[in-house]
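Notes to accompany the following structure.
Protein chains: 2
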Amino acid sequence: MTDADRQLELIRQNAEVFLGEDELKKRIAAGKKLRVKLGVDPTRPDLTFGHMVVFNKLRQFQDLGHTAVLVIGDFTTRIGDPSGRSTARPILSEEEINENAKTYLDQAFKILDKEKTEVRHNSEWFGKWSMIDTLRLARQMTVARMLERDDFAKRYASKTPISIVEFLYPLLQGRDSVELQSDIEIGGTDQLFNNLVGRQLQKDAGLPEQAVLTMPLLVGLDGARKMSKSYDNYIALNESAKEMFGKIMSISDETMWTYYALLLCKTPAEITAMKAQHPMEMKKQLATALTAKFHGEAAGKYEREQFENVFSKGKIRDDIPEFRWGELVAAGAESAALTDILAATKLFPSKKEIRRLVEQGAVKMNDEKISDPALKISASDAAKTLVIQAGKRTFLKVVA
Amino acid sequence: MTDADRQLELIRQNAEVFLGEDELKKRIAAGKKLRVKLGVDPTRPDLTFGHMVVFNKLRQFQDLGHTAVLVIGDFTTRIGDPSGRSTARPILSEEEINENAKTYLDQAFKILDKEKTEVRHNSEWFGKWSMIDTLRLARQMTVARMLERDDFAKRYASKTPISIVEFLYPLLQGRDSVELQSDIEIGGTDQLFNNLVGRQLQKDAGLPEQAVLTMPLLVGLDGARKMSKSYDNYIALNESAKEMFGKIMSISDETMWTYYALLLCKTPAEITAMKAQHPMEMKKQLATALTAKFHGEAAGKYEREQFENVFSKGKIRDDIPEFRWGELVAAGAESAALTDILAATKLFPSKKEIRRLVEQGAVKMNDEKISDPALKISASDAAKTLVIQAGKRTFLKVVA
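Respectively, the protein sequence lines represent chains A and B.
Quick note, the first sequence lines up with residues 1 to 400 if you use the working numbering.
Quick note, the second sequence lines up with residues 1 to 400 if you use the working numbering.
Set out below in structure tokens:
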């Protein structure tokens, strides 16, 4: 097995589509340092674990000695990529785009090796383009070919408007590959069409064509739909250690193995071995490893202990917020309604929400279920320290 | 009947579609000097009688006191307008475009009043546009709306490629109306869709919308298809007086009345009166009037006389080419074959063509049909002057 074979085996891992493999192998065998393109659109200020799948793949290339070329689509974002969506995205201001791009990079470098990453913005070239340049590019693609793209075909069939500018987007993204002379472009499954356009435009320009490698879309916390902010089934890369750990612990066993493969890059053989162990233990290890990746080893270990205190040993977390009676109740008052006390902590969105939790039997005081939203608490109760749990994960203490 | 009513009656004459008539009438009644837009694409160096139909309409507006705004689509021509065609036109160089534009204008001013014409080139504005400006324009139209256009619908259905740039063309043409703040745009029937886009873009820009008036496409010499260079059934505006007159005389009676209406702006009442006269006389009058328009009164009269000499009175034209025996035959030769003599005149494409004409019985010498291609002519015959007719319109003399 040659070095090129070994590299390709790693590159192929978890890939959904991999085109141009033979040509890529030749370049690796010839000792070429590959230029590996990944495009990101700074349409939102933060990234999710869904983005981690492609960043992990890019990191893998870096570890093999190749160059990661991270393209910030600051120019293309001014149009809005409709891939996999049923409507055109709104136009962002340049300030929003730049702000988002900065946050993106901060988060991306938690996974990528910053030293081995070439960061480029496509406004570098498109910012200088004239109308004629744009029209020349538009000549390079047909309407029919564009309407073959899955999401466009669906929108056209269902009479959902497609703006003509959306037909230009894949061309712009493809043109990036010409400018960057990428050897391979990686992306999510929904980027396959766009990445193939890059291959075509390179060929039209007389350049060697890039390989195209797509990664599966990560399933969300619900185990059903792809991870997306729109479905509220996501973990953001900048989420707190506590939230991150808790959310990972909430996924199903089946989803857990997908996360091991796509987020921790475990091989099928490693996963088979893990399946012999207790699923709860494996889920804790997954949550610990991922939390450690973004918040450090100590944070991973700490969150595991806290989680075990609350859920496995019936204890409460060490770090739950503590309130003094005097902070929550009007000066001199001898008693107050539980709902008013909870509202005063500002841990809940509204009094209505607190009443709803009580009525659902989701509120406990010193481990006893409370069912009366009007229940009065006296200052003397508070003197003995009250531990209140509302919902699954909100705890607080009230002391004298 | 108000002045506005009278103007509208003239404007409506020969129109196929006229949208926004009420609004236009208000502007005329308010005394506004209308800005009347006509766009021409300098894709070819010369114009035909087909172009005359819309130029006549534009001239009519000038005669009513309005401003003709003639837009030379020098920028849009760099893309190629696919209207009514089944393929994208080739891209022209800037030199070719400018050269064509110059010739266009020379010919257009044979019909338009130069003093009342505002000539604009759309490179004035589009030449300054950036990529972002272009993308913003592209946002203003949907793919579905564009695919409703007849020719696009047909090409899409028949799987004939449509380049994405062709979807941008109507937007560029429409944008011209925003830049020029036109009150009405005129064009051929095949321009209806594009002119409506101009109306929409003006509305989107918060401007008063232009009226849209389309004129029928002129039928060609064959009386069947629209006049077009591609069908070789056209009369060019810069054709010689002789060719122009001859071609008009070749049309059918039915086509003649259409030409009276669209090329000489005769009203239905006038045409009804003419139908009472002899069609051959009316056709000569049409040919004389149109030839006079482009070559002067004298030329019209002269061509009519020549035509009558040849076709009505069996005489020959006064101005047929004359060759001396010594020019056509090797020095000292006592005789030569007729085909060699005709070939030496260089009036025929090939000897083969000459033989074909003789074999078809289309060649006469001094009014006697010749049937032997090998027939020898002696110098003594030439001394008596030979008049040779080959085909319907080629005459020549051979003298000693």
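Where is the CB? At the ideal position from N, CA and C, for every residue including glycine.
Within the segment 162-190 of chain B, Ile-162, Ser-163, Ile-164, Val-165, Phe-167 and Leu-168 place their CB atoms closer than 7 angstroms to a CB of chain A, listed in sequence order. At a beta-carbon threshold of 8 angstroms, the residues of chain B lying near Asp-133 of chain A are Met-131, ordered along the chain. Residue-level contact by beta carbon fails for Phe-193 of chain B and chain A, as no gap is shorter than 7 angstroms.
Of the candidates B:Asp-367, B:Ser-371, B:Thr-394 and B:Val-329, B:Asp-367 places its Cα closest to the Cα of Leu-386 of chain B. Residues of chain A with a Cβ closer than 9 angstroms to the Cβ of Ala-101 of chain B do not exist, since the nearest Cβ in that chain sits about 17 angstroms away. The contact set of Phe-126 of chain B on chain A, defined by CB atoms closer than 7 angstroms, consists of Met-131 in chain order.
Close CB contacts of Arg-27 of chain B within its chain, under the 7 angstroms cut and outside five residues either way in sequence, are with Leu-34 and Asp-183 (chain order). Val-71 of chain B has a beta carbon lying at 7 angstroms or more from every beta carbon in chain A. Within the segment 134-147 of chain B, contact with chain A at the beta-carbon level (separation under 9 angstroms) is assigned to Thr-134, Leu-135, Arg-136, Leu-137, Ala-138, Arg-139, Gln-140, Met-141, Thr-142, Val-143, Ala-144, Arg-145, Met-146 and Leu-147. Secondary structure at Arg-120 of chain A: strand, using DSSP grouped into helix, strand and coil. Using a 10 angstroms sphere on the CB of Thr-2 of chain A, the tally of other CB atoms stays under 16, which defines it as exposed. The three-state reading of DSSP puts Ile-320 of chain A in coil, since its state is none of H, G, I, E or B. In the DSSP secondary-structure assignment, Gly-187 of chain B is bridged to B:Thr-214. Nearest in C-alpha terms to Ala-382 of chain A, of all of A:Leu-237, A:Leu-338, A:Leu-264 and A:Leu-47, is A:Leu-338.
Closest option to Leu-147 of chain A, judged by alpha-carbon separation, among B:Met-280, B:Asp-150 and B:Val-143: B:Val-143.
According to DSSP, Gly-39 of chain A shares a beta bridge with A:Val-71. Cα atoms of Ile-162 of chain B and Thr-77 of chain A: separation of roughly 26 angstroms, rounded to the nearest angstrom.
Contact between the segment 38-48 of chain A and the segment 226-236 of chain A is established, with three or more Cβ pairs separated by less than 8 angstroms. Against chain A, a Cβ distance below 7 angstroms from Lys-364 of chain B picks out nothing, because the smallest value is about 55 angstroms. In this structure Asn-98 of chain B touches Asp-74 of chain B by the C-beta definition: roughly 7 angstroms separates them, less than 8 angstroms. In the DSSP annotation of this structure, the continuous segment of the beta strand (DSSP E) that includes Met-365 of chain B starts and ends at 363-365. Close CB contacts of Asn-195 of chain A within its chain, under the 6 angstroms cut and outside five residues either way in sequence, are with Glu-185, Gly-187 and Val-212 (chain order).
Around the beta carbon of Gln-306 of chain A, 16 or more other beta carbons sit within 10 angstroms, so the residue counts as buried. With 16 or more other CB atoms across the displayed protein chains lying within 10 angstroms of its CB, Tyr-260 of chain A is buried. Against chain A, a Cβ distance below 7 angstroms from Tyr-156 of chain B picks out Val-143 and Ala-144. Within the same chain, Cβ atoms closer than 6 angstroms to the Cβ of Met-141 of chain A are found at Leu-171, the five residues on either side in sequence being excluded.
If you draw a straight line from the Cα of Leu-396 of chain B to the Cα of Gln-389 of chain B, it comes to about 7 angstroms. Here DSSP, grouped into helix, strand and coil, assigns Gln-173 of chain B to helix. Taking 7 angstroms as the cut-off, the Cβ atoms of Pro-42 of chain B and Asn-100 of chain B count as close.
Secondary structure of Phe-61 of chain B (DSSP, three-state): helix.
Bridge partners of Val-399 of chain A according to DSSP: A:Arg-324.
Here the segment 370-378 of chain B makes contact with the segment 335-349 of chain B; the two share three or more CB pairs at distances below 8 angstroms.
Ala-153 of chain A carries a helical assignment under DSSP once its states are collapsed to helix, strand and coil. The secondary-structure analysis by DSSP pairs Thr-48 of chain B across a beta bridge with B:Ala-236. Less than 7 angstroms divides the Cβ of Val-53 of chain B from the Cβ of Leu-262 of chain B.
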